[in-house]
Amino acid sequence: MAASNSESSILSVASDVCVVATGAFVVLALAYSSYKSAGLVARQKKLFTIHDGTVLKWKLSRNGIVEAKENNGLLAKLAAAGQQHVTLFEAVQALRWAKDDDRVKGLEMDFGQAGFSATPRPQLGLAQAQELHEAIRAFREAKRRKFGDKKYSLTAFTDTFDNQDYFYLATAFDKVTMEPNGLLQMNGYSSTMPFVKTLLERLGVDVVPLSKGECKGAMAMFTDTEMPKPIYENTKALFGALNEQFLRGIASARSAGLQAFSTSAMKQWGGMTKTAEGSEIQMTGNMTADDKVRALMDVSPLMSDEALSAGLITDVAYKRETWHKGAESKVQEMPFTRYKYLRAKEVKKELKKLPAKKKVNIALIHVSGQIKEGEGQYAPDKVAKTVLEAAEDKNVGAIVMRMNTPGGGMWASDTMRDAIEYAQEHYKKPVIASFGNVSASGGVWITANCRKILASPGTITGSIGIAYARPVLTQKFLGHFGLNVDNRVAFSDGARAGSVFNRLSGRNLARVQSMSDTFYENFIDVVAKGRRMPREQVEKIAGGRVYTGEQALELGLIDELGGLERALQVAMEHAEHGSDNAKMVVQVYPRSKGALEDFVESGALDDYLGAISVDMQASVAGIAQAATRHAVHACTEQLARSAGVSLTPSATIEAGMDPIQRTL
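Set out below in structure tokens:
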């Protein structure tokens with residue numbers, strides 16, 4: 006009995022010890038967790054606070070510059086492997102914020118190639134580079150005034166400059182470094198155009214030229230064996246003007262380094278060049294910076310030591326020497342995209358405090374890429390609805406259309422132009438156009454009646470004309486693939502003329518030519534009315550001719566030279582607002598929506614349910630017929646690709662359909 010009591014006492018003590026130990030462990034665990042949480046909070050606070058003396062770090066291979074973000078879905082985002090593109094608007098806006106932010110003391114930009122092969126870095130165009138160059142220069146001047154010449158940081162560094170427009174942008178920085186084995190591309194701009202007419206003839210494909218405008222060259226590769234003289238002269242003038250802008254920009258930005266460039270170094274590389282007039286430039290100390298850049302373009306690409314001796318870069322160094330500051334460094338660094346995010350939150354809070362009359366909302370709408378009928382991110386109906394959505398919003402004072410398109414479908418272009426006209430006439434909302442790298446042909450049609458049109462000096466625009474060609478697949482072509490076509494079942498000349506297996510002739514050919522003439526005249530009317538120009542004046546500059554932004558200003562096709570930032574300011578000037586010192590609030594349209602709402606509104610839900618219904622109702626015969634149709638469609642597509650022409654196979658089956666898309 007005594008032993009039993011002793012055992013009970015021991016167990017009781019052991020139990021108490023366990024309870025105490027457990028309690029101590031819990032207390033220690035909670036204390037440790039609290040300590041770690043406090044450390045995490047402190048670390049997060051440090052990471053998400055813009056400190057005094059902050060230097061912004063921008064890695065272009067991870068945060069490349071695009072005109073607009075594409076809605077490519079979740080899989081595309083996963084494939085991007087950490088890339089986060091920055092739109093030109095976001096970049097310029099963040100640079101403006103940083104320029105006026107005394108906490109920011111510098112900017113370092115990594116131009117290196119290192120990136121993700123699955124999602125290559127976006128390419129930069131001259132017009133974009135010009136606008137960013139201007140924004141970085143404005144940042145530089147503000148920091149020089151605030152901190153003095155040697156107390157701010159503005160550095161561009163890279164392993165190699167594989168893109169000359171990136172180098173153009175890098176010249177905005179005070180310090181430009183490249184690794185020892187790097188190359189600097191600075192060739193200037195050129196045009197190389199393949200012509201496949203002879204190949205198509207050998208294959209048995211005839212292409213009937215039906216374009217309007219002697220310089221409208223979109224179809225020339227199918228209808229000619231070299232550039233026709235008008236197209237050649239216009240192309241030469243365009244690229245000559247772009248080259249002059251390019252070399253002038255570099256010469257101006259790197260003038261100090263170029264001034265010290267020795268004659269002997271140029272001779273050593275064989276850097277003798279010719280002027281536009283063909284006379285030899287003498288290698289003397291009296292050469293202008295423009296002449297030196299022109300000479301260097303002749304021997305491009307340049308190796309690192311050559312670029313250094315030419316004064317184009319300031320140092321030969323590994324990237325590590327810029328980005329690795331060491332543990333003892335007290336430099337406050339922050340990724341550019343994080344600063345953009347944090348500063349946007351601050352600005353949003355500041356704007357919320359302002360009364361409505363102190364704010365003016367400007368809607369920003371993008372049109373990017375080829376203009377096409379049908380569906381897509383920039384489908385004509387979608388863009389038109391977006392314009393009207395912004396116009397209906399009582400809080401929106403003006404609309405800016407940011408255009409970056411080579412042109413495309415005429416009907417799609419007119420749908421968007423009509424929406425802009427309606428927004429201005431019915432809702433009294435001024436619409437300002439801002440041209441990016443290119444806004445030609447359909448881009449000109451869409452924006453012709455905008456209140457004001459702005460473009461960068463290096464923008465490519467114009468191309469007022471109709472691009473149209475008609476392929477004919479002859480028996481020779483079909484014979485190459487062992488095919489025969491029986492198209493005897495047609496009950497009108499129109500049905501026969503609509504087939505790519507029949508040659509246009511007689512009144513059918515005359516009608517198509519007449520329609521092209523009419524579309525061309527309509528294009529001229531649209532521009533003349535929208536730009537308030539005499540029709541005769543538009544006819545002189547039309548004909549499919551392309552121009553730089555500088556040339557377009559002289560010809561009256563645009564109102565002012567300036568980038569997107571300036572276009573937003575012009576929109577602010579034309580918007581009705583209740584205060585002279587009102588703040589601008591830019592809202593990108595269409596407004597972002599939830600994933601479910603996007604899924605329903607896009608019609609994907611209807612398509613999905615419809616597909617289920619069709620699958621449930623389809624018979625075996627129906628499935629077989631569908632499979633046959635798809636097989637024929639795929640075969641015809643393959644033939645079209647082999648021939649190098651664009652066809653619509655269904656048009657050869659369904660009478661009355663025109664297989665050729667009229668494009669601008």
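So in my numbering, spot 326 of the sequence shown is number 331, and the numbers just go up one at a time. Glycine included, C-beta positions come from ideal geometry on N, C-alpha and C.
CB-CB under 6 Å to residue i, same chain, minus the five flanking residues each way: which ones, in chain order?
i	result
residue 99	345
residue 550	220, 239 and 467
residue 521	215, 217, 471 and 473
residue 348	102
residue 338	60 and 62
residue 258	176
Near residue i, which residues of its chain fall below 7 Å by C-beta distance, leaving aside the five closest residues on each side in sequence?
i	result
residue 547	218, 469, 470 and 529
residue 171	116 and 129
residue 230	200, 202 and 203
residue 490	483 and 506
residue 392	370, 404, 424, 425 and 428
residue 381	none
residue 73	92, 371 and 373
Quick check on DSSP: helix, strand or coil for residue i?
i	result
residue 172	helix
residue 33	helix
residue 319	coil
residue 454	coil
residue 440	strand
residue 409	strand
residue 93	helix
residue 372	strand
residue 535	helix
residue 366	strand
residue 235	helix
residue 59	strand
residue 211	strand
residue 385	helix
residue 564	coil
residue 115	strand
residue 69	coil
residue 304	coil
residue 201	coil
residue 572	helix
residue 160	strand
residue 141	helix
residue 333	coil
residue 615	Only weak support is given to the placement of residue 615: the predicted model assigns it a pLDDT of 47, under 50, and the question is left unresolved by the model.
residue 427	helix
residue 98	helix
residue 264	helix
residue 342	helix
residue 589	strand
residue 404	strand
residue 166	strand
residue 183	strand
residue 466	strand
residue 189	strand
Would you grab the beta carbon distance between residue i and residue j for me? Rounded to a whole angstrom, and I think it's under 8 Å.
i	j	result
residue 554	residue 464	4 Å
residue 228	residue 202	6 Å
residue 116	residue 177	Not confirmed; about 12 Å, so no contact.
residue 677	residue 159	Nothing about residue 677 can be reported from this structure: the residues present for the chain run from 6 to 669 only.
residue 412	residue 379	About 16 Å separates the two Cβ atoms, so there is no contact after all.
residue 309	residue 185	5 Å
Suppose the cutoff is 8 Å on Cβ atoms and the five residues either side in sequence are ignored; what does the same chain contact list for residue i look like?
i	result
residue 538	532 and 561
residue 212	202, 205, 224, 227, 228, 474, 475, 476, 477 and 650
residue 401	366, 367, 368, 395, 434 and 592
residue 527	none
residue 611	For residue 611, the pLDDT reaches just 46, beneath the cut-off of 50, and the residue's location in the model is therefore unreliable, leaving the point undetermined.
residue 283	Residue placement at residue 283 cannot be trusted, given a pLDDT of 44 that sits under 50; what the coordinates show is reported in the next sentence. Closer than 8 Å at the Cβ level, and outside the excluded window around residue 283, lies no residue.
residue 389	420, 421, 423 and 424
residue 149	157
residue 462	132, 135, 250, 553, 554, 555 and 566
Inset, instruction - Flag this pair as touching only if the stretch 91 to 98 and the stretch 64 to 75 have three or more C-beta atom pairs under 8 Å; answer yes or no. - result: Three or more pairs of CB atoms, one per stretch, sit closer than 8 Å, so the stretch 91 to 98 contacts the stretch 64 to 75.
Inset, instruction - Say whether the stretch 363 to 381 touches the stretch 585 to 598, bearing in mind that this needs 3 or more beta-carbon pairs closer than 8 Å, one atom from each stretch. - result: Contact between the stretch 363 to 381 and the stretch 585 to 598 is present, because at least three Cβ pairs lie under 8 Å.
Legend entry - Inter-stretch contact (C-beta, 8 Å, three-pair minimum) for the stretch 563 to 577 and the stretch 438 to 454: yes
Inset, instruction - Please list the segments of the alpha helix (DSSP H) lying wholly inside the stretch 471 to 506, counting only runs of 4 or more residues, in order along the chain. - result: 480 to 485 and 498 to 502
Legend entry - Entirely enclosed beta strand (DSSP E) segments - the stretch 509 to 562, minimum 3 residues: 551 to 553
Inset, instruction - Flag this pair as touching only if the stretch 500 to 515 and the stretch 411 to 420 have three or more C-beta atom pairs under 8 Å; answer yes or no. - result: no
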